[in-house]
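Asks: All residue numbers for the sequence shown refer to our numbering, where the first residue is 13 and numbers rise by one.
Note that CB positions come from ideal geometry on N, CA and C, so glycine has one too.
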Amino acid sequence: MEHAQPNARGLSLPTKILIGLVLGATVGVTLNLLYAPALGAVKPAAYVRVEWWADEIIRPLGNLFLSLLFMVVVPIVFSSLFLGVAGLGSVQKLGSLGSRTLLWFLGTTALATLIGIVLVRVIEPGKRVSAEVAAEIQRQYLGEAQARVAQSTQAKGWLEMIVDIVPRNVVGAAADNTKVLGLIFFALILGAAAMRLSPERTRLLRELLESLYELCVKVLNWVMELAPYGVACLIFHATAKLGLDVMKLVGWYFLTAMGGLVLYQVVVVTALAKVYAGLSPRRFYAGCRTLLVTAFSTSSSNATMPTTIRTAVDEFGAPKEIAGFVMPLGATMNMNGTAMFEGVSVLFLAQVYGKGLTFPEQVMVVGMAVLTAIGAAGVPGGSLPLLAVVLTQVGVPAELLALILGVDRLVDMTRTVPNVTSDLVCSLWLSRREGHALKT
Ligand code: ASP
Numbered sequence: 013m014e015h016a017q018p019n020a021r022g023l024s025l026p027t028k029i030l031i032g033l034v035l036g037a038t039v040g041v042t043l044n045l046l047y048a049p050a051l052g053a054v055k056p057a058a059y060v061r062v063e064w065w066a067d068e069i070i071r072p073l074g075n076l077f078l079s080l081l082f083m084v085v086v087p088i089v090f091s092s093l094f095l096g097v098a099g100l101g102s103v104q105k106l107g108s109l110g111s112r113t114l115l116w117f118l119g120t121t122a123l124a125t126l127i128g129i130v131l132v133r134v135i136e137p138g139k140r141v142s143a144e145v146a147a148e149i150q151r152q153y154l155g156e157a158q159a160r161v162a163q164s165t166q167a168k169g170w171l172e173m174i175v176d177i178v179p180r181n182v183v184g185a186a187a188d189n190t191k192v193l194g195l196i197f198f199a200l201i202l203g204a205a206a207m208r209l210s211p212e213r214t215r216l217l218r219e220l221l222e223s224l225y226e227l228c229v230k231v232l233n234w235v236m237e238l239a240p241y242g243v244a245c246l247i248f249h250a251t252a253k254l255g256l257d258v259m260k261l262v263g264w265y266f267l268t269a270m271g272g273l274v275l276y277q278v279v280v281v282t283a284l285a286k287v288y289a290g291l292s293p294r295r296f297y298a299g300c301r302t303l304l305v306t307a308f309s310t311s312s313s314n315a316t317m318p319t320t321i322r323t324a325v326d327e328f329g330a331p332k333e334i335a336g337f338v339m340p341l342g343a344t345m346n347m348n349g350t351a352m353f354e355g356v357s358v359l360f361l362a363q364v365y366g367k368g369l370t371f372p373e374q375v376m377v378v379g380m381a382v383l384t385a386i387g388a389a390g391v392p393g394g395s396l397p398l399l400a401v402v403l404t405q406v407g408v409p410a411e412l413l414a415l416i417l418g419v420d421r422l423v424d425m426t427r428t429v430p431n432v433t434s435d436l437v438c439s440l441w442l443s444r445r446e447g448h449a450l451k452t
């Protein structure tokens with residue numbers, strides 16, 4: 013598991029990504045300021061050369077990074093959701109403890125997404141550029157995806173959207189980026205069927221998918237190592253062609269996402285700890301210090317899990333069995349911060365793209381953010397491939413991820429904190445319900 017500690021060459025990955033962002037943006041903005049003509053004016057030869065480099069060399073390199081990220085979408089979505097639902101067989105046996113845990117996961121995840129969506133609607137970070145720049149961004153990112161995206165951008169009614177979820181051909185759904193919801197549906201149904209069969213009959217498939225999932229997570233780790241270069245290329249291309257306005261958008265997005273996550277942690281999780289675990293904010297954060305630092309610095313719910321269990325048991329006196337049941341499930345399924353980040357990012361990029369989402373589409377974003385947060389791996393960048401799925405599903409080109417990737421590592425570190433503190437509070441709530449006195 014990768015950590016935020018410095019590597020052999022001295023710089024940690026988050027630092028390198030930040031350097032990539034700053035370098036790419038500085039060179040891009042400088043060239044744009046120096047050579048870009050006013051809108052509509054004839055392009056000087058020097059700017060034509062900058063554009064050639066940006067379009068023909070740098071952008072394909074950045075897209076290579078994006079493709080590597082998108083490459084793991086189908087296997088990771090399918091394996092994680094199938095295994096998640098199939099594994100619920102054992103949760104069912106645990107009766108009310110299991111169902112309460114799931115209720116907590118779904119309820120808090122949906123709440124976080126809703127708050128994120130409301131924030132973006134109020135702040136409107138994606139509309140902070142002039143109409144000309146917005147039009148240019150749309151033109152730039154329309155690209156190859158245009159035809160298919162245009163198809164799915166036609167506003168759909170409730171019934172049509174629900175009917176569309178069921179794929180007629182599951183292989184076709186997996187092969188078409190705009191239909192991954194069909195694959196998600198199939199994985200959930202198949203997982204539900206697996207719950208009904210005896211474990212012996214599904215053991216082989218489960219083991220196979222577990223390996224597939226582990227392999228995808230490994231590949232994702234490798235891809236994230238390339239993030240500093242990918243981010244530098246993508247942000248260079250965006251700024252060289254669109255200028256400083258892009259950075260303004262990135263800044264507004266960053267503020268909205270970070271503001272939402274901090275708000276969720278400080279207000280919502282703290283209130284949940286008070287109401288459900290009877291812990292004062294002071295006591296809660298005094299016991300959580302190591303947990304917060306670990307989640308923030310590793311950016312990984314999985315890597316933090318041992319600390320989450322230890323915090324629940326040693327700091328707050330939860331029984332080992334309850335912490336040992338909730339945390340492994342929560343580390344992969346319960347990601348409040350991730351769901352909020354997905355809601356914020358999808359709505360922000362839809363705003364940038366000038367695509368107003370209808371009410372049914374916004375409900376779909378909430379549903380998909382919850383589902384994909386469940387499906388996301390608890391590793392750095394684990395939700396990025398799934399965010400691409402949600403974007404495509406609502407008709408926003410996934411290539412627009414280029415705009416937010418540069419700041420994602422910091423957002424990722426921050427969203428991992430509520431991801432794990434929500435698991436912690438859930439385990440404390442259940443401990444209390446089962447009659448165990450907590451160390452308050
Ligand atoms: N890094 C997050 C976690 O491990 C997952 C994500 O949102 O990318 O909880």
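Could you tell me which of A53, I196, V175 and P72 sits nearest to L398, measuring between CA atoms?
Replies: Working through the sequence shown from its first residue, we reach residue 398 at position 386. For L398, the nearest C-alpha among the options comes from I196.
Asks: Count the other CB atoms within 10 Å of the CB of V60; is the residue buried (16 or more) or exposed (fewer)?
Replies: Against the sequence shown, residue 60 aligns to sequence position 48. Classification for V60: exposed.
Asks: Return the CA-CA distance between T452 and R295, expressed in angstroms with no decimal places.
Replies: Looking up residue 452 in the sequence shown gives position 440. Looking up residue 295 in the sequence shown gives position 283. T452 and R295: Cα-Cα distance of roughly 7 Å.
Asks: Hey, could you find the ends of the alpha helix (DSSP H) G394 is sitting in?
Replies: Counting from 1 along the sequence shown, the entry for residue 394 is found at position 382. No alpha helix (DSSP H) contains G394, which DSSP labels as neither H nor E.
Asks: Considering A58, what are the terminal residues of the alpha helix (DSSP H) in which it resides?
Replies: Translated into the one-based positions of the sequence shown, residue 58 becomes position 46. Here the alpha helix (DSSP H) through A58 covers A57 to W64.
Asks: Is P430 near the ligand ASP, in the sense that its beta carbon is under 6 Å from a heavy atom of that ligand?
Replies: As a working mapping, residue 430 is identified with position 418 in the sequence shown. Checking the Cβ of P430 against the ligand ASP gives no.
Asks: From L284 to G329, what distance separates their C-alpha atoms?
Replies: Position 272 of the sequence shown, counted from the first residue, corresponds to residue 284. Position 317 of the sequence shown, counted from the first residue, corresponds to residue 329. If you take the alpha carbons of L284 and G329, they lie about 18 Å apart.
Asks: Less than 7 Å between the beta carbons of L254 and E148, yes or no?
Replies: Within the sequence shown, numbered from 1, the residue matching residue 254 stands at position 242. Within the sequence shown, numbered from 1, the residue matching residue 148 stands at position 136. Contact: yes.
Asks: Give me the Cα-Cα distance between G368 and R218, rounded to the nearest whole angstrom.
Replies: Within the sequence shown, numbered from 1, the residue matching residue 368 stands at position 356. Within the sequence shown, numbered from 1, the residue matching residue 218 stands at position 206. Rounded to whole angstroms, G368 to R218 spans 40 Å at the Cα level.
Asks: Within 6 Å: the Cβ of G393 and any heavy atom of the ligand ASP?
Replies: As a working note, residue 393 is residue 381 in the sequence shown. Yes.
Asks: Any idea what DSSP makes of M380, helix, strand or coil?
Replies: The sequence position of residue 380 within the sequence shown is 368, counting from 1. Three-state DSSP puts M380 in a helix.
Asks: How would you call A146, buried or exposed, if buried means at least 16 neighbouring beta carbons within 10 angstroms?
Replies: Numbered from its first residue, the sequence shown carries residue 146 at position 134. That one is buried.
Asks: DSSP three-state call for E212: helix, strand or coil?
Replies: Taking the sequence shown and counting its residues from 1, the one referred to as residue 212 is at position 200. Note: E212 maps to helix in three-state DSSP.
Asks: For the ligand ASP, is there any heavy atom lying closer than 6 Å to the beta carbon of D424?
Replies: Residue 424 sits at position 412 when you count from the first residue of the sequence shown. Yes; taking the cut-off as 6 Å, the Cβ of D424 has a heavy atom of the ligand ASP nearer than that.
Asks: What did DSSP end up calling A449 once you bin it into helix, strand or coil?
Replies: Counted from its first residue, the sequence shown places residue 449 at position 437. A449: coil per DSSP, three-state reduction.
Asks: Short of 6 Å in beta carbon distance, which residues of its chain neighbour R421, apart from the five on each side in sequence? Order them along the chain.
Replies: Here residue 421 refers to the residue found at position 409 of the sequence shown. Same-chain partners within the cutoff: P26 and I29.
Asks: Since G40 contacts A252 with CB under 8 Å, what's their CB separation in whole angstroms?
Replies: As a first step, residue 40 must be located in the sequence shown, where it is residue number 28. As a first step, residue 252 must be located in the sequence shown, where it is residue number 240. The pair is a contact, with the Cβ atoms about 4 Å apart (cut-off 8 Å).
Asks: Would you grab the beta carbon distance between V401 and T384 for me? Rounded to a whole angstrom, and I think it's under 8 Å.
Replies: Position 389 of the sequence shown holds residue 401. Position 372 of the sequence shown holds residue 384. Their Cβ separation, rounded to whole angstroms, is 6 Å, which keeps V401 and T384 in contact under 8 Å.
Asks: With A124 and Y276 assumed to form a contact (beta carbons below 8 Å), what rounded beta-carbon distance in angstroms separates them?
Replies: For the purposes of this step, residue 124 is identified with residue 112 of the sequence shown, where counting begins at 1. For the purposes of this step, residue 276 is identified with residue 264 of the sequence shown, where counting begins at 1. 6 Å between Cβ atoms; contact.
Asks: Would a C-beta distance cut-off of 7 Å place A185 and A98 closer than the cut-off?
Replies: If you number the sequence shown from 1, residue 185 lands on position 173. If you number the sequence shown from 1, residue 98 lands on position 86. It is not a contact, given that the beta carbons lie outside the stated cut-off.
Asks: Which residue comes first and which comes last in the alpha helix (DSSP H) that contains L131?
Replies: Here residue 131 is taken as the residue at index 119 of the sequence shown, counted from 1. Residues S108 to I135.
Asks: What is the DSSP secondary structure of P26, reduced to helix, strand or coil?
Replies: Walking along the sequence shown from the start, residue 26 turns up at place 14. In this structure, P26 counts as helix in the three-state DSSP scheme.
Asks: Could you tell me whether the Cβ atoms of V437 and A289 are closer together than 7 Å?
Replies: Your numbering for residue 437 matches position 425 in the sequence shown. Your numbering for residue 289 matches position 277 in the sequence shown. Against a cut-off of 7 Å, the Cβ pair of A289 and V437 comes out as a contact.
Asks: Considering Cα atoms alone, identify which of A307, T310, S292 and G379 is closest to L450.
Replies: For the purposes of this step, residue 450 is taken as the residue at position 438 of the sequence shown. Of the listed residues, the one whose Cα sits closest to L450 is S292.
Asks: Taking only the alpha-carbon atoms, compute the straight-line gap between S443 and V280 and give it to the nearest angstrom.
Replies: Residue numbering aside, residue 443 sits at position 431 when the sequence shown is read from its first letter. Residue numbering aside, residue 280 sits at position 268 when the sequence shown is read from its first letter. Straight-line Cα distance between these residues: approximately 20 Å.
Asks: Secondary structure at S142, three-state DSSP: helix, strand or coil?
Replies: On the sequence shown, residue 142 is found 130 positions in, with the first residue counted as 1. Here S142 sits in coil by DSSP.
Asks: Tell me which residue opens and which closes the alpha helix (DSSP H) that N75 is part of.
Replies: As a position in the sequence shown, residue 75 is number 63, starting the count at 1. Counting along the chain, the alpha helix (DSSP H) containing N75 begins and ends at R71 to M83.
Asks: Have a look at V178, V429 and F337 and flag the residue whose alpha-carbon is nearest the alpha-carbon of S111.
Replies: As a first step, residue 111 must be located in the sequence shown, where it is residue number 99. It is F337 whose Cα lies nearest to the Cα of S111.
Asks: What residue range is occupied by the uninterrupted alpha helix (DSSP H) comprising R322?
Replies: Counted from its first residue, the sequence shown places residue 322 at position 310. Unbroken alpha helix (DSSP H) run through R322: S313 to R322.
Asks: Could you work out which residue in F371, G263, M317 and F360 is closest to L171 when comparing CA atoms only?
Replies: Along the sequence shown, read from residue 1 onward, the residue named residue 171 stands at position 159. Looking at the Cα atoms, F371 is the closest of the given residues.
Asks: In the structure shown, what three-state DSSP assignment does T165 receive?
Replies: Position 153 of the sequence shown holds residue 165. In this predicted model, T165 has a pLDDT of only 45, less than 50, meaning its place in the structure is not dependable enough to derive any value.
Asks: For the ligand ASP, any of its heavy atoms closer than 6 Å to the Cβ of S312?
Replies: For the purposes of this step, residue 312 is taken as the residue at position 300 of the sequence shown. Flag set: Cβ of S312 near the ligand ASP.
Asks: According to the neighbour-count rule (16 or more other Cβ atoms, all chains shown, within 10 Å of its Cβ), is W64 buried or exposed?
Replies: One-based indexing of the sequence shown puts residue 64 at position 52. Exposed, because fewer than 16 other Cβ atoms sit within 10 Å of the Cβ of W64.
Asks: Could you check how far apart the C-beta atoms of M376 and V406 are, in whole angstroms? I think they sit under 8 Å.
Replies: Against the sequence shown, residue 376 aligns to sequence position 364. Against the sequence shown, residue 406 aligns to sequence position 394. Contact flag correct, Cβ pair sits at about 7 Å.
Asks: Going by Cα to Cα distance, which pick from S395, L126 and L417 is closest to G263?
Replies: Here residue 263 refers to the residue found at position 251 when the sequence shown is read from its first residue. Here the closest residue by C-alpha is L417.
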